[in-house]
Amino acid sequence: MCQPDRIVRLKSVLARTGLSRSTIYRKIAEGTFPAQIKISVNGAGWRESDIDRWVADPVRWRPEG
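Set out below in structure tokens:
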């Protein structure tokens, strides 16, 4: 059975990637880091699988399309 993808929040992404908050948002704007997904009116997070893919190969990471 396939595990559902977890949603991780900013604190986890910062710890996992070693990037700063401003660097993450700059890279999102450049298209070189996974974008957040909205999970509530005031909340957003990232799919854990997207972060795993980025950590595995940050230089060649591109959004799945």
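Just so it is clear: in the sequence shown, position 31 is 30 by numbering that gives the first Met the number 0, and no numbers are missing. Using N, Cα and C, we set each Cβ at its ideal position, and we do this for glycine too. Only a predicted model underlies this, so the values are computations on that prediction, with no experimental measurement involved.
Under the three-state reduction of DSSP output, residue 60 falls in the coil class, being neither helix nor strand.
Linking residue 32 to residue 4 through their CA atoms gives a straight-line distance of about 18 Å. With respect to residue 42, residue 7 sits apart: the two C-beta atoms are not nearer than 7 Å. Residue 14: member of the alpha helix (DSSP H) spanning 9 to 16, first to last residue.
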